[in-house]
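Numbering (UniProt numbering), first residue to last: 1 to 355. Written out below as structure tokens is the structure these notes cover.
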Ligand SMILES: [Zn+2]
């Protein structure tokens with residue numbers, strides 16, 4: 001599904017900036033990054049999972065495209081989450097890059113050579129494949145080429161914040177994609193790092209609460225729907241904390257969930273906290289939260305018009321939904337809850353040992 005380029009001028013300016021850049025010092029940077037990628041196989045699977053190297057690649061690509069590193073990181077991470085959700089349709093193409101581009105889109109729909117890596121013929125057939133590492137080839141299995149190709153497709157619309165959103169819309173034709181990439185970019189920009197995957201248990205781990213795996217059991221209150229989440233029973237007023245680094249997507253009343261809040265993380269998962277007695281006042285939709293940060297308090301709101309409470313014992317209903325591009329699917333949060341609880345207790349113990 002290739003779209004016509006909006007203006008030859010925009011396309012030309014991309015080409016020209018790439019050439020100018022290559023002539024003026026691009027080679028030095030390409031060399032520096034070549035030395036870096038020479039250690040790729042070693043850095044992969046080490047303590048930071050190759051994140052340091054990835055950050056260097058985003059920085060290099062930022063110089064090349066005029067996008068901010070966190071916008072590029074956001075694109076790459078969004079693509080990665082789509083592939084995680086649909087691994088068969090979107091097999092891994094590179095080593096570290098999350099970007100997936102189909103053969104048709106890469107080479108051009110009418111290109112007889114589906115595996116074309118010649119930038120010139122790819123352009124003739126309106127493919128989006130580009131050379132991002134300066135080796136003269138546009139290879140669909142090369143990380144820099146993959147990321148640069150998507151960035152170059154977006155760059156046709158410009159590199160300002162507004163242009164970026166328009167470019168994303170033209171690339172995905174899905175308003176959720178635009179929202180996700182912008183959310184991810186805000187998270188990366190706020191923390192200025194890639195390592196944002198630590199989790200926390202939603203209630204203070206040293207408090208009184210109880211929960212068990214209830215996935216798929218019928219709702220205790222209000223009918224036959226499959227129970228999409230885990231109920232954590234606790235005293236009214238106990239702090240409810242974000243489990244992840246994320247962005248507040250929704251905050252307000254919902255007939256079933258009562259006072260509820262929804263938070264999006266970098267794995268493109270939506271974390272849903274329901275039946276709260278109240279919200280942390282300062283928190284608004286669009287705000288960034290960290291794991292362990294208080295977002296509200298345990299309550300028994302819900303099952304009625306705004307303000308209804310006390311129809312059931314106080315508990316936190318916690319659900320996680322995975323965005324698969326067009327639809328969101330609930331999955332059982334119990335194993336993650338259990339892991340976060342264990343990891344947080346371990347962190348508390350080791351902090352005690354090494355104050
Ligand atoms: Zn529940």
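Yeah, the Cβ is synthetic: ideal placement off N, Cα and C, and Gly gets one too.
{"Asked": "Span separating the alpha-carbon of residue 339 from that of residue 51", "Found": "23 angstroms"}
{"Asked": "Whole-angstrom C-beta distance between residue 247 and residue 293, which should lie under 8 angstroms", "Found": "No, residue 293 and residue 247 are not in contact; Cβ-Cβ is about 12 angstroms, not under 8 angstroms."}
{"Asked": "Proximity test, residue 332 beta-carbon vs ligand 1 heavy atom, cut-off 8 angstroms", "Found": "no"}
{"Asked": "Same chain only: Cβ atoms within 7 angstroms of residue 341, ignoring 5 sequence neighbours per side", "Found": "201, 205"}
{"Asked": "Cβ-heavy atom distance, residue 236 to ligand 1, below 8 angstroms", "Found": "no"}
{"Asked": "Nonlocal neighbours in the same chain, by C-beta distance under 8 angstroms from residue 172, ignoring five residues either side", "Found": "178"}
{"Asked": "Cβ-based neighbour list, residue 291, same chain, cut-off 7 angstroms, excluding 5 preceding and 5 following", "Found": "198, 199, 200, 242, 243, 244, 245"}
{"Asked": "Stretch pair the region 257-276 + the region 294-307: three plus CB contacts closer than 8 angstroms", "Found": "yes"}
{"Asked": "Span separating the alpha-carbon of residue 234 from that of residue 320", "Found": "19 angstroms"}
{"Asked": "Contacts around residue 323, its chain only, beta-carbon distance under 6 angstroms, and the 5 residues preceding and following it disregarded", "Found": "268"}
{"Asked": "Nearest neighbour of residue 328, chosen from 228, 306, 240 [CA to CA]", "Found": "228"}
{"Asked": "Exposure label - residue 352; buried when at least 16 CB within 10 Å", "Found": "exposed"}
{"Asked": "Spatial distance of residue 270 from residue 262 (CA atoms)", "Found": "6 angstroms"}
{"Asked": "Alpha helix (DSSP H) segment containing residue 105, residue limits", "Found": "103-107"}
{"Asked": "Rounded separation between residue 68 and residue 279 - CA only", "Found": "33 angstroms"}
{"Asked": "Closer than 8 angstroms: residue 229 CB and nearest ligand 1 heavy atom", "Found": "yes"}
{"Asked": "Separation of residue 196 from residue 355, as counted between CA atoms", "Found": "23 angstroms"}
{"Asked": "Three-state secondary structure assigned by DSSP to residue 301", "Found": "strand"}
{"Asked": "Residues near residue 116 in its chain [Cβ-Cβ closer than 6 angstroms; skip 5 each side]", "Found": "107, 122"}
{"Asked": "DSSP beta-bridge partners of residue 323", "Found": "328"}
{"Asked": "Nonlocal neighbours in the same chain, by C-beta distance under 8 angstroms from residue 254, ignoring five residues either side", "Found": "260, 274, 302"}
{"Asked": "Residue from 60, 65, 333, 96 whose Cα sits closest to the Cα of residue 213", "Found": "333"}
{"Asked": "For residue 88 and residue 134, the rounded distance between their alpha carbons", "Found": "30 angstroms"}
{"Asked": "CB of residue 143 within 9 angstroms of CB of residue 73, strictly", "Found": "no"}
{"Asked": "Contact test: residue 255 Cβ vs ligand 1 heavy atom, cutoff 8 angstroms", "Found": "no"}
{"Asked": "Counterpart residues of residue 350 in DSSP-defined beta bridges", "Found": "Bridge partners of residue 350: none, in fact."}
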